[in-house]
Amino acid sequence: MFIEIIKFIVYSGLIVLISKFILVKTLRKLAESLNLKPKTVGDVAGYATSMPELLTICASSFNGLISASILNVLSSNVINLIQYLTAIFLNKNQKAFSNKAIKVDIILVLITIIIPIILIYLKIEVNISIVPMFIILYLLFKFLNNNVHKLYLQKEDEILEKQINEEGKWERNNKNKIIKYVTYLLFTGVLLFIVGEALGNTLENLCNQFGISQAIIGILLGFITSIPELITFFESQKHYKKQKYDEILGVVEATNNLLTSNILNLFAIQSIGIIIYCFIAV
1030 MFIEIIKFIV
1040 YSGLIVLISK
1050 FILVKTLRKL
1060 AESLNLKPKT
1070 VGDVAGYATS
1080 MPELLTICAS
1090 SFNGLISASI
1100 LNVLSSNVIN
1110 LIQYLTAIFL
1120 NKNQKAFSNK
1130 AIKVDIILVL
1140 ITIIIPIILI
1150 YLKIEVNISI
1160 VPMFIILYLL
1170 FKFLNNNVHK
1180 LYLQKEDEIL
1190 EKQINEEGKW
1200 ERNNKNKIIK
1210 YVTYLLFTGV
1220 LLFIVGEALG
1230 NTLENLCNQF
1240 GISQAIIGIL
1250 LGFITSIPEL
1260 ITFFESQKHY
1270 KKQKYDEILG
1280 VVEATNNLLT
1290 SNILNLFAIQ
1300 SIGIIIYCFI
1310 AV
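Here it is, written out as structure tokens:
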């Protein structure tokens, strides 16, 4: 059992390290090379930081541990919110919560936590019938997110775009940089797949051979896979302060990172896990 626990710690740590030092940083550089808006950069970071959840939930579902995957989503989403609020308060950006777009996004984040709690509390059977509802909710959340930002953050986007154009940040060699970053991402994806496969085998051993409950495994995975989000929440706010831009832009990026990560975890990645469990694992 001791060896399996060591493997669990090592593989989980590798996923976090790869996500932190390669995946997240490369995606940020790619986004900045394309001069994307803070909202879009946050979305990209959300997709990046959800990669560990994708791997662990797919591994859990493939090995028949569907309960662990649901708890993984719930714990990840709760921890993401706690980390986000911690980053906001430590950076003293609470005033950004007065913006209506940020308020709506936080409400949507809370819903991504309430839904899995309801599923667990009511002991609703997780099956393929839930997937269409999750897909509809994912599209609805993205629609609301996009439109509230157009309504309540358009002025900030225009100011930032003007500043970037005046500073001439678009470089001639950006095309080569973009190709390089995409190559790094593909390589990183292969690494994460290999480590995720090993972690899945370790999870199966811990659960089936040593009697460790799916609840404990799910919560541990939720904590481990949420560490990359903590990093990006702080880095996004520091980035805009360092560049002397409007501080709300860092909050916008962090908030979209949080929302994108949470809705991906619950609606997209969990749906993939359900499909794997229903058609492959069982």
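So the sequence shown is residues 1030 to 1311, counted in this note's numbering.
Using N, Cα and C, we set each Cβ at its ideal position, and we do this for glycine too.
Could you tell me the alpha carbon to alpha carbon distance between residue i and residue j, rounded to whole angstroms?
i     : j     : result
T1141 : Y1269 : 28 Å
I1153 : G1240 : 24 Å
I1044 : N1285 : 22 Å
Q1123 : I1256 : 22 Å
W1199 : A1116 : Residue confidence is low: W1199 scores 48 on pLDDT, short of 50, so the model does not pin down where it sits. No coordinate-derived value is stated.
L1215 : L1052 : 10 Å
L1056 : Y1306 : 30 Å
F1170 : Q1299 : 16 Å
A1097 : I1086 : 8 Å
E1282 : Q1266 : 8 Å
L1249 : I1034 : 12 Å
L1145 : G1251 : In the sequence as displayed, the identity of residue 1145 is Pro instead of Leu. Whole-angstrom Cα-Cα distance: 13 Å.
I1095 : K1271 : 43 Å
N1294 : L1137 : 13 Å
V1107 : L1173 : 21 Å
F1308 : L1148 : 21 Å
I1131 : L1100 : 27 Å
L1180 : S1079 : 27 Å
Got a sec? Which residues, its chain only, sit under 7 Å from residue i by beta carbon, not counting five neighbours each side?
i     : result
K1058 : Y1210
I1277 : A1125, N1128, E1185
Y1167 : I1292, F1296, A1297
K1206 : S1062
K1036 : T1231
Y1040 : V1224, A1227, L1228, T1231
R1201 : The predicted position of R1201 is uncertain, since its pLDDT is 48 and thus under 50; a value taken from the coordinates is nonetheless stated next. Closer than 7 Å at the Cβ level, and outside the excluded window around R1201, lies no residue.
Excluding five sequence neighbours on each side, which residues of the same chain lie with their C-beta closer than 8 Å to the C-beta of residue i?
i     : result
T1012 : Since the first and last residues shown for the chain are 1030 and 1311, residue 1012 lies out of range.
Enumerate in chain order the residues of its own chain whose CB-to-CB distance from residue i is below 6 Å, with the five nearest sequence positions on each side excluded.
i     : result
V1133 : V1177
A1077 : L1052, V1053, L1056
I1143 : none
The region 1219-1230 touching the region 1067-1074, judged by at least three CB pairs closer than 8 Å: no
Jot down the residue ranges of each uninterrupted alpha helix (DSSP H) in the region 1230-1281, minimum 4 residues, whole runs only, in chain order. 1243-1254, 1256-1271
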